[in-house]
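Q: All you need for this note's numbering is the position in the sequence shown, starting with 1, plus 5.
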Amino acid sequence: MNHQKTVNKMKLAKHITLGILSLSIVTAVLVGYKALKMKSQIKELFKLNKTLKAEGYFMTDFEFQLVGMGYELDKGQYRKAETKLSDYLTKLSNKEGLIKIPEFKNNQEEIDFYLNLQNPRTGAFIDESAPFCVYYEATKNVLEHLVSLSDSTTAPLKLHYPLTFLDSINTPENLIEHLNDISYVGWFASHFPQTSFHFARNILDATRSDNTLEAYNLYTFSPEWKQAMLKWMYDFQDPVSGMWGPKNKRTNELRKYDLNNTKSIVKIFRDNQGNDLYDEYPLKYGDKLFKSSLEQLSEPYPDEDNLAEIHEWNLRQAKGLSMLLRYLWNDASAEDKKIAEQMIARNIDICFKNYYVAEEGAFSYYPNSKKASPDGITNLVFNEIGAFSYKKQKKLWGDPVENIKDIGELILSHMNTSDMEPVLNNPNINSLRIYTCKPDYENLTDSVWAVFYPQDTSVLDVMEVVPNILHWAETSSLSMGNWTSMARLKTTYSNFNIKKPVIVRKKLPIKEINKKLQASHELYFVGFDKLQIPRNHISYKVLKQK
Numbered sequence: 006m007n008h009q010k011t012v013n014k015m016k017l018a019k020h021i022t023l024g025i026l027s028l029s030i031v032t033a034v035l036v037g038y039k040a041l042k043m044k045s046q047i048k049e050l051f052k053l054n055k056t057l058k059a060e061g062y063f064m065t066d067f068e069f070q071l072v073g074m075g076y077e078l079d080k081g082q083y084r085k086a087e088t089k090l091s092d093y094l095t096k097l098s099n100k101e102g103l104i105k106i107p108e109f110k111n112n113q114e115e116i117d118f119y120l121n122l123q124n125p126r127t128g129a130f131i132d133e134s135a136p137f138c139v140y141y142e143a144t145k146n147v148l149e150h151l152v153s154l155s156d157s158t159t160a161p162l163k164l165h166y167p168l169t170f171l172d173s174i175n176t177p178e179n180l181i182e183h184l185n186d187i188s189y190v191g192w193f194a195s196h197f198p199q200t201s202f203h204f205a206r207n208i209l210d211a212t213r214s215d216n217t218l219e220a221y222n223l224y225t226f227s228p229e230w231k232q233a234m235l236k237w238m239y240d241f242q243d244p245v246s247g248m249w250g251p252k253n254k255r256t257n258e259l260r261k262y263d264l265n266n267t268k269s270i271v272k273i274f275r276d277n278q279g280n281d282l283y284d285e286y287p288l289k290y291g292d293k294l295f296k297s298s299l300e301q302l303s304e305p306y307p308d309e310d311n312l313a314e315i316h317e318w319n320l321r322q323a324k325g326l327s328m329l330l331r332y333l334w335n336d337a338s339a340e341d342k343k344i345a346e347q348m349i350a351r352n353i354d355i356c357f358k359n360y361y362v363a364e365e366g367a368f369s370y371y372p373n374s375k376k377a378s379p380d381g382i383t384n385l386v387f388n389e390i391g392a393f394s395y396k397k398q399k400k401l402w403g404d405p406v407e408n409i410k411d412i413g414e415l416i417l418s419h420m421n422t423s424d425m426e427p428v429l430n431n432p433n434i435n436s437l438r439i440y441t442c443k444p445d446y447e448n449l450t451d452s453v454w455a456v457f458y459p460q461d462t463s464v465l466d467v468m469e470v471v472p473n474i475l476h477w478a479e480t481s482s483l484s485m486g487n488w489t490s491m492a493r494l495k496t497t498y499s500n501f502n503i504k505k506p507v508i509v510r511k512k513l514p515i516k517e518i519n520k521k522l523q524a525s526h527e528l529y530f531v532g533f534d535k536l537q538i539p540r541n542h543i544s545y546k547v548l549k550q551k
């Protein structure tokens, strides 16, 4: 009898075990199916975002909506996030409730348009259906665009409603509770391209003395609040890699290296020359951070149909390279600097090959697009590598005088193609700038008569690309990308004061060159590599007749 009971118990235990195992398998299959479905929906959303931005729709909140859904998933709100994702896909597919940005007659009209997008209850520039954690950055991006539009022709900037959503995090205690909530994430959330930690580093911007909120009297945080914010972020750095990123709450270890957000954090603790800004918060682990960043930057380019991954890859490249060049260059070894130079050259090739829209003269954010976008300009690293600045180029790569190989001077009565072979046959030269007077090595964008590309290349010289970008910005009806203000872009590129020279490809126009030589009595050829570093120089002067 006892034996039979034991057998029955064993059978029951077996059935229960099999039942639990079957339920686990079914659950895993369902979770896997839903995960694949959501991944497919996210890929489709990024394609729609690309299309809708090109069509002129207001899509500034796009990535914040998606990261917000990732936050909800991480908090166990699966049904809510799943429903929102499906609804958002339907909304973008059918263009339901989307706002098309009109053409504005003046800056004030554009300011009024964006002010009317403010939520009257929260003061945020995003729909209340999004979780609270996304409010700050979505609002900050619009505010910075409004600031860039403000000038002598516009009324003083004044919001329609106060930024009341900030009241819930305006004490050190509430702030730290919020930071912990968005910065410790689960395994599932860490596999999204971006996590809610992104919003923690964004709030850090409010500690800057020139932050937009205080500069325009829109909101003020106390000195105690700023100290709490700085200390929390300073202590959150990973000692192994030097990186910041979302953490595992149980182990306090990084879930992933977050190069994109690490750069935005480092700039709070160091200035553009790599000097520490706070005596009490000197940047730690600079050498480790440089090496960890190089590992991230060396990652291969994603599949071209995976726009979500490309979106993050672009940000990692732009922000990672900027961080190395601005804030960490003094921490790096000569060997690591050489590796960084190779990463930059690769980045420039990819940027022009995949993102430059020749018909428009500017860059898209997603590959092989027919339309340029304001955010696309962030793919171009020329400003960071010193292509527009003698001081920056000298700091990073050395003085142009030392970098240039002087090939010599030719005195002749008439130029032939063979006379230019010394500069034409160098495989490291991407472009030749032809000057009508001796070039000023501290301003190599001045007095350029022509630019010649001796080889087949997709990488443009700054003398060509800057005027192209400026022309596009001045003639485009677009006003704002997901985070880039067109008004700010126009100001930046017009300040370079680069006038477009004659552009020549494939074959040198010997006849025109001789005419110019006879008129100016001298010509100077300077060869530049893809990083816009001058590499060689030769001069031609007219033989004076006796």
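Built from N, CA and C at the ideal position, the CB exists for glycine as well.
Computed from a predicted model, the values in this text were never measured in an experiment.
Throw me the rounded Cβ distance for the Q347 and R321 pair, which I believe falls under 8 angstroms.
A: Here residue 347 refers to the residue found at position 342 when the sequence shown is read from its first residue. Here residue 321 refers to the residue found at position 316 when the sequence shown is read from its first residue. Not really, about 16 angstroms apart at Cβ, beyond 8 angstroms.
Q: Opposite L148 in the DSSP bridges: which residues?
A: For this step, residue 148 is matched to residue 143 along the sequence shown. DSSP, once it has assigned bridges, lists no residue as partnering L148.
Q: Report yes if the CB atom of K376 is closer than 8 angstroms to the CB atom of A59, and no otherwise.
A: Residue 376 sits at position 371 when you count from the first residue of the sequence shown. Residue 59 sits at position 54 when you count from the first residue of the sequence shown. Yes, the Cβ-Cβ distance between K376 and A59 is below 8 angstroms.
Q: Quick one: grab the DSSP three-state call for V507.
A: Working through the sequence shown from its first residue, we reach residue 507 at position 502. V507 falls in the strand class under three-state DSSP.
Q: Whose C-beta lies closer than 7 angstroms to the C-beta of K52 among residues of the same chain, with five residues either side of it excluded?
A: The residue given as residue 52 occupies position 47 in the sequence shown. The answer, listed in chain order, is L312.
Q: Please list the terminal residues of the continuous alpha helix (DSSP H) segment that includes A455.
A: As a working mapping, residue 455 is identified with position 450 in the sequence shown. No alpha helix (DSSP H) contains A455, which is instead part of the beta strand (DSSP E) from 453-458.
Q: Starting from R84, trace the alpha helix (DSSP H) in both directions and tell me its first and last residue.
A: Counting from one through the sequence shown, the residue named residue 84 turns up at place 79. Where R84 is concerned, the enclosing alpha helix (DSSP H) stretches over 83-99.
Q: Please report the distance separating the alpha-carbon of N384 from that of L417.
A: Within the sequence shown, numbered from 1, the residue matching residue 384 stands at position 379. Within the sequence shown, numbered from 1, the residue matching residue 417 stands at position 412. Straight-line Cα distance between these residues: approximately 44 angstroms.
Q: Please list the segments of the alpha helix (DSSP H) lying wholly inside the stretch 172-243, counting only runs of 4 or more residues, in order along the chain.
A: If we require 4 residues or more, the alpha helix (DSSP H) runs fully inside the stretch 172-243 come out as 177-188, 192-195, 202-208, 217-220, 228-240.
Q: In angstroms with no decimal places, state the Cα-to-Cα distance between N112 and S155.
A: Here residue 112 refers to the residue found at position 107 when the sequence shown is read from its first residue. Here residue 155 refers to the residue found at position 150 when the sequence shown is read from its first residue. Their backbone Cα atoms lie some 7 angstroms apart in a straight line.
Q: At 3 residues or longer, what runs of the beta strand (DSSP E) sit wholly inside the stretch 398-458?
A: 410-417, 436-440, 453-458
Q: Look up E527 in the DSSP assignment and say whether it is helix, strand or coil.
A: Residue mapping note: residue 527 aligns to position 522 of the sequence shown, counting from 1. Correct three-state label for E527: strand.
Q: So, for K252: in the same chain, excluding its five sequence neighbours on each side, which residues have a beta-carbon less than 7 angstroms away from its beta-carbon?
A: What you label residue 252 is simply residue 247 of the sequence shown in a count that begins at 1. Residues S188, Y189, E258, L259, R260 of the same chain have their beta carbon placed closer than 7 angstroms to that of K252, with the five preceding and five following residues left out of the count.
Q: Using the Cα positions of H476 and V456, report the straight-line distance between them to the nearest angstrom.
A: Numbered from its first residue, the sequence shown carries residue 476 at position 471. Numbered from its first residue, the sequence shown carries residue 456 at position 451. Computed Cα separation, rounded: 18 angstroms.
Q: Run through the DSSP bridge pairs and tell me what D281 is partnered with.
A: Along the sequence shown, read from residue 1 onward, the residue named residue 281 stands at position 276. R275.
Q: Bridge partners of N541, per DSSP?
A: Taking the first residue of the sequence shown as 1, we reach residue 541 at position 536. Answer is K410, G532.
Q: Return the Cβ separation of I349 and L536 in integer angstroms, given the expectation that the two are a contact with Cβ distance under 8 angstroms.
A: What you label residue 349 is simply residue 344 of the sequence shown in a count that begins at 1. What you label residue 536 is simply residue 531 of the sequence shown in a count that begins at 1. Correct: roughly 6 angstroms between the Cβ atoms.
Q: Going by the CB atoms, is the gap between K495 and E479 shorter than 8 angstroms?
A: Counted from its first residue, the sequence shown places residue 479 at position 474. Counted from its first residue, the sequence shown places residue 495 at position 490. When the beta-carbon positions are compared, E479 and K495 come within less than 8 angstroms of each other.
Q: Grouping DSSP H, G and I as helix and E and B as strand, with all else coil, what is V464?
A: Looking up residue 464 in the sequence shown gives position 459. Note: V464 maps to coil in three-state DSSP.
Q: Taking W237 as the reference, which of N265, E285, F193, G279 has the closest Cα?
A: Start at 1 with the first residue of the sequence shown, and residue 237 comes out as number 232. Per the Cα distances, E285.
Q: Looking at I106 and T159, is the spacing between their C-beta atoms short of 8 angstroms?
A: Locating residue 159 in the sequence shown gives position 154, counting from the first residue. Locating residue 106 in the sequence shown gives position 101, counting from the first residue. Not closer than 8 angstroms, so no.
Q: Take A33 and list the residues in its own chain whose beta-carbon comes closer than 7 angstroms to its own, dropping the five residues that flank it on each side.
A: Within the sequence shown, numbered from 1, the residue matching residue 33 stands at position 28. With a pLDDT of 35 at A33, under the threshold of 50, the predicted position of this residue should be treated as unreliable, though the coordinate-derived value follows. Setting aside the 5 residues that flank it on each side, A33 has no residue in the same chain whose C-beta is closer than 7 angstroms to its C-beta.
Q: Strictly by DSSP, which residues pair up with L259?
A: Indexing the sequence shown from 1 puts residue 259 at position 254. K252.
Q: Taking 8 angstroms as the threshold, find out whether the stretch 163-175 comes into contact with the stretch 137-148 through three or more Cβ pairs.
A: yes
Q: Please report the straight-line C-alpha distance between V547 and T462, rounded to a whole angstrom.
A: Locating residue 547 in the sequence shown gives position 542, counting from the first residue. Locating residue 462 in the sequence shown gives position 457, counting from the first residue. So the two alpha carbons sit approximately 31 angstroms from each other.
Q: If you count every other CB in all the chains shown that lies within 10 Å of the CB of V406, and 16 or more means buried, which is it?
A: Translated into positions along the sequence shown, residue 406 becomes position 401. Burial check for V406: the Cβ neighbour count within 10 Å stays below 16, so the residue is exposed.
Q: Mapping the DSSP letters down to three states, classify S490 as helix, strand or coil.
A: For the purposes of this step, residue 490 is taken as the residue at position 485 of the sequence shown. If DSSP states are grouped into helix, strand and coil, S490 belongs with the strands.
Q: With 16 as the cutoff for other CB atoms within 10 Å, does H526 come out buried or exposed?
A: Here residue 526 corresponds to residue number 521 of the sequence shown, with the count starting at 1. Residue burial annotation: H526 is exposed, with fewer than 16 other C-beta atoms found within 10 angstroms of its C-beta.
Q: Return the first residue and the last residue of the alpha helix (DSSP H) that S297 is part of.
A: Within the sequence shown, numbered from 1, the residue matching residue 297 stands at position 292. It spans 291-302 - the alpha helix (DSSP H) in which S297 sits, taken as one unbroken run.
Q: Report the three-state DSSP secondary structure of A339 (helix, strand or coil).
A: By one-based count along the sequence shown, residue 339 stands at place 334. It is helical.
Q: For the alpha helix (DSSP H) holding F67, just list the boundary residues, first then last.
A: For the purposes of this step, residue 67 is taken as the residue at position 62 of the sequence shown. Where F67 is concerned, the enclosing alpha helix (DSSP H) stretches over 67-79.
Q: What residue from W334, F387, L164 has the CA that sits closest to T217's CA?
A: The residue given as residue 217 occupies position 212 in the sequence shown. If we check each option's Cα against that of T217, L164 comes out closest.
Q: Helix, strand or coil, according to DSSP, for A367 in the structure here?
A: The sequence position of residue 367 within the sequence shown is 362, counting from 1. The answer is strand: DSSP assigns A367 an E or B state.
Q: Excluding five sequence neighbours on each side, which residues of the same chain lie with their C-beta closer than 8 angstroms to the C-beta of K48?
A: Working through the sequence shown from its first residue, we reach residue 48 at position 43. For K48, where only same-chain residues beyond five positions count, the Cβ hits under 8 angstroms are D310, N311, L312, A313.
Q: Going by the beta-carbon positions, is the gap between V271 and Y370 smaller than 8 angstroms?
A: Walking along the sequence shown from the start, residue 271 turns up at place 266. Walking along the sequence shown from the start, residue 370 turns up at place 365. Between V271 and Y370, the C-beta gap is not smaller than 8 angstroms, which leaves the two residues out of contact.
Q: Would you call the CB atoms of N431 and G366 closer than 8 angstroms?
A: As a position in the sequence shown, residue 431 is number 426, starting the count at 1. As a position in the sequence shown, residue 366 is number 361, starting the count at 1. Contact: no.
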